[in-house]
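**Q**
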Amino acid sequence: MSAGLVEVRGVHKAYGTLEVLDGIDLVVKPGEVTVILGPSGSGKSTLLRAINHLEKVDRGFIEVDGELIGYRTRSDGALQELKEKEILRQRTRIGFVFQNFNLFPHLTALENVVEAPVSAQGRPRAEVEAEARELLERVGLGDKIDAYPRQLSGGQQQRVAIARALAVKPSVVLFDEPTSALDPELVGEVLDVIRDLAATGTTLVVVTHEIGFAREVATTVVFMDGGRIVEQGSPAQVLDDPQQERTRAFLDKVL
Amino acid sequence: MSTVSLHHEEPRLLVGEAPSRPTTDEPRVIGARHPGRWVATVVVAVLLAMVLNSLVTNPKWEWSVVWQYLTWPSVLEGLWGTLRLTAVAAFIGFGLGTVLALMRLSRSPLLRGVSWLYTWVFRSVPLILQLLLWYNLAYLYPQITLGIPFGPSFTGFDTLDVIDKFGAAILGLGLSQAAYSAEIVRAGILGVDQGQHEAAAALGLPRSVQQRRIILPQAMRTIVPTAVNEIIGLVKGTSVVYVLAYSELFYIVGVIYGRNQRVVPLLVVAGIWYLVITTVLTVIQFYVERHYAKGALRQLPPTPLQRARWGLGVAWSRITGAPLPSDLPPGYGSRSLAARGVLTRTRRTEIGGVA
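Chains as they are written, first to last, in the UniProt record's numbering: chain A, 1 to 255; chain B, 1 to 355.
1. Quick one: list the residues of chain A neighbouring B/L102, beta-carbon separation under 8 Å, in chain order.
2. With DSSP as the reference, identify every bridge partner of B/G147, one or two as the case may be.
3. Of all the CB atoms in chain A, is at least one closer than 7 Å to the CB of B/A169?
4. Flag A/F104 as yes if its beta-carbon sits less than 7 Å from any beta-carbon of chain B, otherwise no.
5. Buried or exposed for B/Y135, going by 16 or more other Cβ atoms inside 10 Å?
6. Can you round the beta-carbon distance between A/L255 and A/I211 to whole angstroms, since I take them to be within the 8 Å contact cut?
7. So, is the C-beta of A/T219 closer than 7 Å to a C-beta in chain B?
8. Could you tell me which residues DSSP puts in a beta bridge with A/R72?
9. Determine the extent of the alpha helix (DSSP H) in which B/F91 is found, giving its start and end residues.
10. Tell me the rounded alpha-carbon separation between A/Q232 and A/L197.
11. Thinking C-beta only, is A/L174 closer than 7 Å to A/I62?
12. For a test of the three-state rule: what should DSSP assign to B/L132, helix, strand or coil?
13. Going by beta carbon distance, what residues of the same chain come within less than 8 Å of B/S153, once the five residues before and after it are set aside?
14. Only counting the same chain, and skipping five residues up and downstream in sequence, which positions put a Cβ closer than 7 Å to that of B/L55?
15. Is it the case that the Cβ atoms of B/I215 and B/V192 are separated by a distance below 7 Å?
16. DSSP on B/Y251, reduced to helix/strand/coil?
17. Rounded to the nearest angstrom, how far is the Cβ of B/L234 from that of B/A90, given a contact under 8 Å?
18. Going by alpha carbons, who is nearest to A/H53 out of A/I94, A/T73, A/G66?
19. What residues of chain B sit near A/R123, judged by a beta carbon separation below 8 Å?
20. Closer than 9 Å by beta-carbon distance: list the chain B residues that pair up with A/F96, in chain order.
21. Can you pull the chain A residues whose beta carbon is under 7 Å from the beta carbon of B/V209, in chain order?
22. List the residues of chain B that A/E115 touches, going by C-beta distances under 9 Å, in chain order.
23. Run the CB neighbour count on A/A214, radius 10 Å, all protein chains shown included, and call it buried at 16 or more, exposed below.
24. Given a cut-off of 7 Å, decide if B/Q130 and B/S176 are closer than it, judged by their beta-carbon atoms.
25. Anything in chain B within Cβ reach of A/P149, meaning under 8 Å, just list it in chain order.
26. Measuring straight from C-alpha to C-alpha, what distance separates A/A161 and A/V28?
27. Expressed to the nearest angstrom, what Euclidean distance is found between the alpha-carbon atoms of A/A236 and A/K169?
28. Going straight from the alpha carbon of B/L70 to that of B/L132, what length do you get?
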């Protein structure tokens, strides 16, 4: 897959006087797995949510495959905010997996996966359903197709959520602490699915606290603190030989 | 008896158990005594018997008159009037109420403001006053015209033709109901987890699909019980329409007892019909709630039919030794108390769900 280029340029975001994102520049190349680490409140989740325009940024811009997210450039160079409909269309190219799964509890696993391709992309239901079955099979839930989310364990729910995010065939999938709400023994099954996904060449951006996962799967590790990117590089560089004091202090605490 | 030695023999026993323990494996269990409960039961039973007795023996209830008028053609006509008013007013009320709720939650300050103003006005003015106002609309606007706002009109009606008794009743009941329904629907929507809104938005679902497929079905779980409450209120609220002399149940009954002076029996007739309507609505409520509980409970509660069938099946098998019904849930019917315990426990886990 060649699509999946994410470019974040000079992004600022403040809640009142609190600078949550304080000038973020980041490029995620197609097919790469970028893992974002950092203490709570460092702006990791906000950055992720900004990429699919769940959060509006105050300054800077974000592009996916060269297409500006949430805005278009007018002939006079100003940025015009897109209509909601346009933004929703852009989101179908960006998968998002939430910390709390956020599956639709009144729909079965299959219906959860089928909803977006049918009603957001207007694809024929029969075709989508066949694909959805395959996807659920791929995340190891072929036998849970008709189960409601509440009948599934946390790990199973998160795997359905991943299948749901993949159903629209996004070029980028964003994971917001996908294993933080899980019991320790369920973390592995979700990480396995993400690892398989990484192997297929889909661009992934993963916010997580799983250092071992970062070391093994990430192409790039980004360390954030106080709304800034403190350090980024290969897992070996950032995790084993951090140059910044902040990174060292954080890794000492979590490792 | 030495507790210490017992603990050694049975290490599974919890520390801090009662000092003396029975030695048998399965001790006899004696339930706690509830003398207060018995006294209360007897008192209530006596009171119930007194009420029933007076209903039967007091000739002034005139039950023969009640039976006679219960299915009297004009009474049935009044009943139909009541049902019609309720249905149409509920339809207008909840239709408009949903629109008002969505307006109130919209990002446009004007829409929010208008919705707020509507609720404020229609909740503040008494229903009876609204009904009379609508009925007298022709005084304010003798003609109703359809056309371009501030421009030419295409067609017009006489207000009196459009807003007759039924029209005025529908407008009064429906519009004031909308004010209450709006708040119920809004509360339901606000009750849906923010994560659901976000997930729907993140998937790129069109706005209308987000509301119709994702948010409203979940909101229904909190909306339905209050909504049925409102509809039951509406059924009885239709009796206010008697001020317009519209032939609904209460008005008809009044007309009849005005003629034959059998006031109490005819009020009982109306009361019985209101009871029947409310009962039917309650049954419908159960099934609607059950429908929207899909996914919210791990296992749906049994329907009254299922419960009746299971109860009879268990009783039958006790008497005749026939096999128990095959679809009986585990733990049902062993002992009523035990069964109740099991059911309560399952229900609790159902609500808790898995983290």
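Ideal Cβ placement from N, Cα and C applies to all residues, glycine included.
Quick caveat: nothing in here was measured; it's all calculated off a predicted structure.
**A** With the given structure in hand:
1. On the second sequence, position 102 is the one that residue 102 of chain B refers to. What B/L102 touches in chain A: nothing, since even the nearest Cβ is about 15 Å away.
2. The count along the second sequence starts at 1 and reaches residue 147 of chain B at position 147. According to DSSP, which records beta bridges pairwise, B/G147 is partnered with B/S153.
3. Residue 169 of chain B sits at position 169 when you count from the first residue of the second sequence. False, the Cβ-Cβ gap to chain A never drops below 7 Å.
4. In the first sequence, counting from the first residue as 1, residue 104 of chain A sits at position 104. True, the Cβ-Cβ gap to chain B drops below 7 Å.
5. Numbered from its first residue, the second sequence carries residue 135 of chain B at position 135. By the neighbour-count rule (16 or more Cβ atoms within 10 Å), B/Y135 is buried.
6. Residue mapping note: residue 255 of chain A aligns to position 255 of the first sequence, counting from 1. Residue mapping note: residue 211 of chain A aligns to position 211 of the first sequence, counting from 1. About 6 Å separates the CB atoms of A/L255 and A/I211; that is less than 8 Å, so the two are in contact.
7. Counting from one through the first sequence, the residue named residue 219 of chain A turns up at place 219. Judged by the 7 Å Cβ criterion, A/T219 is not in contact with chain B.
8. Taking the first residue of the first sequence as position 1, residue 72 of chain A is located at position 72. Beta-bridge partners of A/R72 (DSSP): A/Q80.
9. Locating residue 91 of chain B in the second sequence gives position 91, counting from the first residue. Unbroken alpha helix (DSSP H) run through B/F91: 73 to 104.
10. In the first sequence, the residue the question calls residue 232 of chain A occupies position 232. In the first sequence, the residue the question calls residue 197 of chain A occupies position 197. Roughly 22 Å separates the two Cα atoms.
11. The sequence position of residue 62 of chain A within the first sequence is 62, counting from 1. The sequence position of residue 174 of chain A within the first sequence is 174, counting from 1. When the beta-carbon positions are compared, A/I62 and A/L174 stay at least 7 Å from each other.
12. Locating residue 132 of chain B in the second sequence gives position 132, counting from the first residue. B/L132 falls in the helix class under three-state DSSP.
13. Indexing the second sequence from 1 puts residue 153 of chain B at position 153. Once the five neighbours on either side are set aside, the close Cβ partners of B/S153 are T145, L146, G147.
14. Looking up residue 55 of chain B in the second sequence gives position 55. Here the set comprises W61.
15. Counting from 1 along the second sequence, the entry for residue 215 of chain B is found at position 215. Counting from 1 along the second sequence, the entry for residue 192 of chain B is found at position 192. Their beta carbons are under 7 Å apart, which means B/I215 touches B/V192 by this criterion.
16. As a first step, residue 251 of chain B is located in the second sequence; it is residue number 251 there, counting from the start. In the structure shown, B/Y251 adopts helical secondary structure according to DSSP, grouped into three states.
17. Within the second sequence, numbered from 1, the residue matching residue 234 of chain B stands at position 234. Within the second sequence, numbered from 1, the residue matching residue 90 of chain B stands at position 90. That pair is a contact at about 6 Å.
18. Here residue 53 of chain A refers to the residue found at position 53 of the first sequence. Looking at A/I94, A/T73, A/G66, the one whose alpha-carbon comes closest to that of A/H53 is A/I94.
19. For the purposes of this step, residue 123 of chain A is taken as the residue at position 123 of the first sequence. A/R123 does not reach chain B, its nearest Cβ partner there being about 13 Å away, counting only Cβ pairs nearer than 8 Å.
20. Taking the first residue of the first sequence as 1, we reach residue 96 of chain A at position 96. Listed along chain B are E198, A199, A202, L203, each with a C-beta nearer than 9 Å to that of A/F96.
21. Residue numbering aside, residue 209 of chain B sits at position 209 when the second sequence is read from its first letter. In chain order: S119.
22. As a first step, residue 115 of chain A is located in the first sequence; it is residue number 115 there, counting from the start. For A/E115, the C-beta contacts it makes with chain B under 9 Å involve A200, L203, L205, V209, R213, I214, in order along the chain.
23. Locating residue 214 of chain A in the first sequence gives position 214, counting from the first residue. Buried, by the Cβ-count rule.
24. In the second sequence, residue 176 of chain B corresponds to position 176, counting from 1. In the second sequence, residue 130 of chain B corresponds to position 130, counting from 1. Yes.
25. Locating residue 149 of chain A in the first sequence gives position 149, counting from the first residue. Those within 8 Å of A/P149 in chain B are G295.
26. On the first sequence, position 161 is the one that residue 161 of chain A refers to. On the first sequence, position 28 is the one that residue 28 of chain A refers to. So the two alpha carbons sit approximately 23 Å from each other.
27. The residue given as residue 236 of chain A occupies position 236 in the first sequence. The residue given as residue 169 of chain A occupies position 169 in the first sequence. Spanning the alpha carbons of A/A236 and A/K169 requires a straight line of approximately 31 Å.
28. Along the second sequence, read from residue 1 onward, the residue named residue 70 of chain B stands at position 70. Along the second sequence, read from residue 1 onward, the residue named residue 132 of chain B stands at position 132. One C-alpha to the other measures close to 30 Å.
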